Amino acid sequence: MNKRRYEKKRKKKALRALCVASALVIAAVLTALAMVLHTPAGYQPLPPAKDNQVSPYLTHKLAPDVHNNIQLDKPFDIIVPQDGFNEIIALGDWPQRFGEVTISRPAVAFTEETIVVMGTVNISGLKSVITIITKPKLDDAGLLALNLEKVKAGSFNITGFARLLATRIMNAQLESMPDEEWLRNLSAAVESNKPFEPVFPAYDKRIRVTDAKIKDMEVTLRFIPEP
Numbered sequence: 327m328n329k330r331r332y333e334k335k336r337k338k339k340a341l342r343a344l345c346v347a348s349a350l351v352i353a354a355v356l357t358a359l360a361m362v363l364h365t366p367a368g369y370q371p372l373p374p375a376k377d378n379q380v381s382p383y384l385t386h387k388l389a390p391d392v393h394n395n396i397q398l399d400k401p402f403d404i405i406v407p408q409d410g411f412n413e414i415i416a417l418g419d420w421p422q423r424f425g426e427v428t429i430s431r432p433a434v435a436f437t438e439e440t441i442v443v444m445g446t447v448n449i450s451g452l453k454s455v456i457t458i459i460t461k462p463k464l465d466d467a468g469l470l471a472l473n474l475e476k477v478k479a480g481s482f483n484i485t486g487f488a489r490l491l492a493t494r495i496m497n498a499q500l501e502s503m504p505d506e507e508w509l510r511n512l513s514a515a516v517e518s519n520k521p522f523e524p525v526f527p528a529y530d531k532r533i534r535v536t537d538a539k540i541k542d543m544e545v546t547l548r549f550i551p552e553p
């Protein structure tokens, strides 16, 4: 009798332990899902483009300013406001698809010495808002380091995974643009934070970034046309 009673108690304890363990696993999964699916308060993307709409800020302000200054063949500054930059990227060609990964609804925030990039990423049906935090810096040799500090899916840190994914996407782009050295440099900068020559194509010339000041709501870039 005592042995049977002991066995019953032991089975009840085992069952209770199994239930508690199962509840903890479920809670952990739900917590992880909540973290991944969390939408940051600062994520407020502009509406996507309609009927091939183009950014007025790009066509009427930024592009003419860059073009006109390049013709003068001397250093020049360009101030890019956060709302203007967001208008440009919001009216781009979205969503972008890379295999099972779809990226849409991008948004950027400029804060003191920091650029925060956000967007909705869909991986095999699971949607999450990805937040990328960078502190770009030019070193004494004039090389640009992106200084990618953190990548989050919702509130969950996925920096290592994101580096691999971004590198794979950029390498895929390089297959169709093999002569674009700036894209190759950017891929290496994302993968391993390798500093690179900040030289970019602009119209029929190339321009070099020689200074960058990032503050709340705007970025000021200094360019020098390359010979």
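Heads up: the sequence shown runs through residues 327 to 553, numbered per our numbering. C-beta: ideal position from N, C-alpha, C; glycine also. Please read all numbers here as calculations on a predicted model, not as lab measurements.
{"query": "Per-residue burial, alanine 488 [other beta carbons within 10 Å of its own, 16 or more giving buried]", "result": "buried"}
{"query": "Proximity to leucine 512 [Cα-Cα], best of Arg494, Asp399 and His386", "result": "Arg494"}
{"query": "Any beta strand (DSSP E) of 3 or more consecutive residues that is wholly inside the segment 356-425", "result": "402-407 and 422-424"}
{"query": "Rounded distance between the beta-carbons of valine 443 and valine 455, thought under 8 Å", "result": "With a Cβ gap of about 11 Å, valine 455 and valine 443 do not count as contacting."}
{"query": "Secondary structure of leucine 470, DSSP reduced to three states", "result": "strand"}
{"query": "N- and C-terminal bounds of the beta strand (DSSP E) containing glutamate 544", "result": "544-551"}
{"query": "9 Å Cβ cutoff met for lysine 461 and isoleucine 484", "result": "no"}
{"query": "CA nearest to the CA of proline 401, picked from Lys463, Arg534 and Val477", "result": "Arg534"}
{"query": "Close beta carbons around threonine 437, own chain, < 6 Å, minus the five adjacent residues each side", "result": "Asp542"}
{"query": "Proximity below 9 Å, CB of tyrosine 383 to CB of glycine 410", "result": "yes"}
{"query": "Distance, arginine 548 Cα to isoleucine 352 Cα", "result": "Interpretation of isoleucine 352 is limited by its pLDDT of 35, a score under 50 that renders its predicted location unreliable; no figure is taken from the coordinates."}
{"query": "Simplified DSSP state of glutamate 517, which is helix, strand or coil", "result": "helix"}
{"query": "Burial state of serine 518, where buried means 16 or more other Cβ atoms lie within 10 Å", "result": "exposed"}
{"query": "Option in Gly468, Arg423, Ala467 and Ile458 with minimal Cα separation from leucine 474", "result": "Ile458"}
{"query": "Among Pro553, Trp420, Ala528 and Lys463, nearest to proline 390 - alpha-carbon criterion", "result": "Ala528"}
{"query": "Residues of its chain near lysine 520, where Cβ-Cβ distance is below 6 Å and the 5 sequence neighbours each way are ignored", "result": "Ala514"}
{"query": "Under 9 Å between C-beta atoms of valine 427 and leucine 491", "result": "yes"}
{"query": "Nearest candidate by alpha-carbon position, reference asparagine 412, set His393, Val447 and Pro374", "result": "Pro374"}
{"query": "Leucine 470 and lysine 476 closer than 9 Å at C-beta", "result": "no"}
{"query": "Range covered by the beta strand (DSSP E) that runs through isoleucine 441", "result": "440-449"}
{"query": "Contact under 9 Å by Cβ, valine 392 with isoleucine 404", "result": "yes"}
{"query": "Contacts around alanine 358, its chain only, beta-carbon distance under 6 Å, and the 5 residues preceding and following it disregarded", "result": "At alanine 358, the pLDDT of 40 sits below 50, so the modelled position is not reliable; the number obtained from the coordinates is stated separately. Contacts found: none."}
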